[in-house]
Each structure stands twice: as structure tokens, then as C-alpha cells.
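*Asks:*
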Amino acid sequence: MASCIPIVDRFETLSDSRSALHITYSLPKVLLIVYASILSGYNEWKSMANFASYNLSWFRQFFPYLWGMPSLHTIEKVCMMIDPAAFMKLFIDWMSDVVKKINGQSDDAKGNEKNKY
């Protein structure tokens, strides 16, 4: 079966141009909020921040969020600095792996089928 790296772990591969001294919320912590918010129908910065605060206990199963949730301004700034092409590739690669896993396929299995003929 295909391995499927969780999307939160894949978020860590994106470039973060912020100064390490000024980072309270890592890229994966913010992008998890954005991802869950959008899937839940919240697509504005303020509604994402409110959604995150309201669901803090649920989000804490993934990250501790020791200082609570990021502000709407932090969410917006982080999203604005991400390279859209890099994010799109990350998301497409993740979805491709998810589909392979659902279908019970792996790259090795596909390769073996090709070599049979």
C-alpha cells in the first residue's frame, strides 16, 4: 500500500521566509488552521481566526498551541508569503498519494505490473 505522509508534515517542506526569532506559530500550525477552516466553510481571515479559537481543543490534538491561536493578521501574513506554485505542488502530490492509498496501489506495485508484460 502506498505510504501517505500527513499533510501537516508536508507543510514543513514549504519555505518560510520569516525570521526564526519572530516565529510564534510555525508554518504547519498556521496552515493546519487554514486547511481545516476552508474545509469547514470559513474562507476569510477573521472567520478562520474565530474558527481556530472556537476549536482550540480540537486543534491541540495536532499541536500544543501554547500561546492560544494566531491572530487573523498572522494567518493572513503567513498565507501571503507562501509560494502558490510550491503549495499547489505539495497539495497535488499529497492528494495523489491519498488516492493511491485509497486504491491500494503503490509505486512498486505499478512498476511490477509494468514489468510483467
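With UniProt numbering applied, the sequence shown has no gaps in its numbers, which climb one by one up to 117 at the end.
Glycine residues also receive a C-beta, built at the ideal position from the N, C-alpha and C atoms.
Which runs of the alpha helix (DSSP H) fall wholly inside the UniProt domain "H repeat-associated protein N-terminal" (9-95) and span at least 4 residues, in chain order?
*Replies:* 27-39, 45-54, 56-59, 72-81
*Asks:* Please classify Ile-102: does DSSP put it in a helix, a strand, or coil?
*Replies:* helix
*Asks:* Where Ser-37 and Met-88 are concerned, what is the direct C-alpha to C-alpha distance, given to the nearest angstrom?
*Replies:* 18 Å
*Asks:* If you draw a straight line from the alpha carbon of Ser-17 to that of Trp-58, how long is it in whole angstroms?
*Replies:* When rounded, the separation of the alpha-carbon atoms in Ser-17 and Trp-58 is 28 Å.
*Asks:* Could you pull out every residue in the same chain whose Cβ sits closer than 6 Å to the Cβ of Lys-46, ignoring the five residues on either side in sequence?
*Replies:* Leu-72
*Asks:* Around the C-beta of Phe-91, are 16 or more other C-beta atoms found within 10 angstroms, so that it is buried, or is it exposed?
*Replies:* By the neighbour-count criterion, in which a residue is buried when 16 or more other Cβ atoms sit within 10 angstroms of its Cβ, Phe-91 is exposed.
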